[in-house]
Amino acid sequence: MAAPTTTPTTRKDTQPWLGQWDSAVTSYYTLLGATGLLLLLGLVMVLSSSAVTSIAAGESPYSAFLTQAQFAIIGLPVLVVAMRLPVRVYKALAWPALLAAVVLLVAVMFMGDAVGGNRNWIALGPVRFQPSELAKLALAVWLGAVLGRKQRLLGRWSHVIWPAVPGAVLVVGLVLAGHDLGTALIIIVLTLGAFWVAGASGKLLALGSSIAAAIVGYVFIVGQSSGDRLGRIFATYGTCVDPQGECYQSIHGLYALGSGGVFGLGLGASREKWRYLPEAHNDFIYAVIGEELGLLGTLMVLGLFVALGIAMSRVVRRHPDPFVKVTTAAVACWVVGQAFVNIGVVIGVLPVIGVPLPLVSAGGSALVTTMAALGMVISFARSEPGAAEALAARGSVVRSTITVLGRGRRRRGARSSR
Numbered sequence: 005m006a007a008p009t010t011t012p013t014t015r016k017d018t019q020p021w022l023g024q025w026d027s028a029v030t031s032y033y034t035l036l037g038a039t040g041l042l043l044l045l046g047l048v049m050v051l052s053s054s055a056v057t058s059i060a061a062g063e064s065p066y067s068a069f070l071t072q073a074q075f076a077i078i079g080l081p082v083l084v085v086a087m088r089l090p091v092r093v094y095k096a097l098a099w100p101a102l103l104a105a106v107v108l109l110v111a112v113m114f115m116g117d118a119v120g121g122n123r124n125w126i127a128l129g130p131v132r133f134q135p136s137e138l139a140k141l142a143l144a145v146w147l148g149a150v151l152g153r154k155q156r157l158l159g160r161w162s163h164v165i166w167p168a169v170p171g172a173v174l175v176v177g178l179v180l181a182g183h184d185l186g187t188a189l190i191i192i193v194l195t196l197g198a199f200w201v202a203g204a205s206g207k208l209l210a211l212g213s214s215i216a217a218a219i220v221g222y223v224f225i226v227g228q229s230s231g232d233r234l235g236r237i238f239a240t241y242g243t244c245v246d247p248q249g250e251c252y253q254s255i256h257g258l259y260a261l262g263s264g265g266v267f268g269l270g271l272g273a274s275r276e277k278w279r280y281l282p283e284a285h286n287d288f289i290y291a292v293i294g295e296e297l298g299l300l301g302t303l304m305v306l307g308l309f310v311a312l313g314i315a316m317s318r319v320v321r322r323h324p325d326p327f328v329k330v331t332t333a334a335v336a337c338w339v340v341g342q343a344f345v346n347i348g349v350v351i352g353v354l355p356v357i358g359v360p361l362p363l364v365s366a367g368g369s370a371l372v373t374t375m376a377a378l379g380m381v382i383s384f385a386r387s388e389p390g391a392a393e394a395l396a397a398r399g400s401v402v403r404s405t406i407t408v409l410g411r412g413r414r415r416r417g418a419r420s421s422r
């Protein structure tokens, strides 16, 4: 008897949901959705966590929220424009953007303002912003242009080092000159991610990591605020000897997370934000999320950042342009890495280093710059193989549907008039 014939099954037949997830526009919609949800959640939580301190300062309870909302409104057209710019425009902006960032970082040393011990703010008329935030975006684009163009030559150390390493060291050094160690750490992570995706050798990455660790250790030990920073490290990994001193913020952050439980106390019901937890609307907003929205709320935020990371990794894997690969990897290490560092600080895994939660914490220049960076990556996702055609096809379907519905309404209106 002849053996029965069988037809081979495809992956789409056995896993139909995977075919939908692995479509050409998955990266685009995931990036767009996660960015929008984090932005909306951030506005709500800034309002909730800052109202009490604003009232205590004699201001409107909506003061911090309205400021953040203004920057979000400014960031929306920036995001939309960044989404529409083609890749060639970002390549052309690489060197001018880095030059402008370096000039602003140098200007901070002479005319900058110090906040919280860090000299990283500059005022140009009524606008006050952090050039170090702009430097993150400029360096990511510049590394993509430099390393992407030299991808076939990166087997030689001379091509890997020049000019990428001096440029990155210059930016990190200028940021450290303002005593902003947290931002410098994020820029180092951004740079290492760009080199790794570009294909630099493991030995070079290990050497760069060792040098970066040595620089950070030097700043910790002999820096201007070394005593305070060492105290934070000992408070995190040792025994807390002063609950009202260096470990006060970490303790109250854990109090907020612990009191929230699984479902939270309810939106607006936080107790720690009543001037117990410093920087409740900024660096420690994740603790307020845990207190008011519970474990489920914190996992939702964590899941949204994981979704951003997965979507950006898809862009890195699927896009054929080396510039896009390196730049997207740098932005992913910046945004997702900074989110994990902030969360690690709040849950007590890392010492307090003053790094905000992207898109969620209060802060205008950080918000606008992050929205611009994610808008750029969304633009890259639109140019993935097959993405432009799929988006155009879906747009035509939507327009056809609207046209059909409009015709149906006009016909019903004509019949009723008869």
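One rule links them: number in my numbering = place in the sequence shown (from 1) + 4. The C-beta atom is built at its ideal place from N, Cα and C for all residues, glycine as well.
Worksheet item: Can you tell which of A385, A377, S369 has its C-alpha closest to the C-alpha of Q72?
Response: S369
Worksheet item: Just how far apart, CA to CA, sit S243 and I255?
Response: Per the sequence shown, residue 243 should be read as Thr rather than Ser. Near 12 angstroms, if we compare the C-alpha coordinates of I255 and T243.
Discussion item. Once DSSP output is grouped into helix, strand and coil, what is the label at V145?
Written reply: helix
Discussion item. If you follow the beta strand (DSSP E) that R275 is in, where does it begin and where does it stop?
Written reply: Taken as a continuous stretch (DSSP letters only), R275 belongs to no beta strand (DSSP E), as it is neither H nor E.
Worksheet item: At which residues does the beta strand (DSSP E) containing F133 begin and terminate?
Response: 131-133
Discussion item. What would DSSP say about W99, mapped onto helix, strand or coil?
Written reply: helix
Practice prompt. Reducing DSSP to helix, strand and coil, say where V119 ends up.
Written response: strand
Practice prompt. Take G352 and list the residues in its own chain whose beta-carbon comes closer than 8 angstroms to its own, dropping the five residues that flank it on each side.
Written response: T240, S254, G257, L258
Fill in: Secondary structure of L43, DSSP reduced to three states
helix
Discussion item. From the DSSP secondary-structure annotation, give me the bridge partner or partners of W125.
Written reply: D117
Worksheet entry | Reduced DSSP secondary structure (H/G/I, E/B, other) of Q72 | helix
Worksheet item: Can V2 and C337 be called in contact, C-beta distance under 8 angstroms?
Response: Because the chain in this structure spans residues 5 to 422, residue 2 falls outside the shown range and cannot be described.
Worksheet item: Among the residues of its own chain, which have a CB less than 6 angstroms from the CB of P8, if the five just before and after it don't count?
Response: With a pLDDT of 46 at P8, under the threshold of 50, the modelled position of this residue cannot be trusted, and the question is left open.
Practice prompt. Tell me whether P356 sits in a helix, a strand or coil according to DSSP, three-state version.
Written response: In the sequence as displayed, the identity of residue 356 is Val instead of Pro. Coil at V356, not helix or strand.
Worksheet item: In the structure shown, what three-state DSSP assignment does R279 receive?
Response: coil
Worksheet item: Is V91 closer than 8 angstroms to F427 when the C-beta atoms are compared?
Response: Absent from the model: residue 427. The displayed extent of the chain is 5 to 422, so no value can be given.
Practice prompt. Please state if the CB of G197 and the CB of A101 are separated by a distance shorter than 8 angstroms.
Written response: no
Discussion item. Does Q253 come out as helix, strand or coil in the three-state DSSP assignment?
Written reply: helix
Discussion item. According to DSSP, is Y66 part of a helix, a strand, or is it coil?
Written reply: coil
Fill in: Inter-residue spacing [alpha-carbon to alpha-carbon] between V340 and A38
12 angstroms
Practice prompt. May I have the straight-line CA-CA distance separating V50 from D287, to the nearest angstrom?
Written response: 11 angstroms
Discussion item. Going by beta-carbon coordinates alone, are L83 and V145 separated by less than 8 angstroms?
Written reply: no
Practice prompt. Would you mind sorting S274 into buried or exposed? The rule is 16 or more other CB atoms within 10 Å of its CB.
Written response: buried
Worksheet entry | T374, enclosing alpha helix (DSSP H) - first and last residue | 368-386
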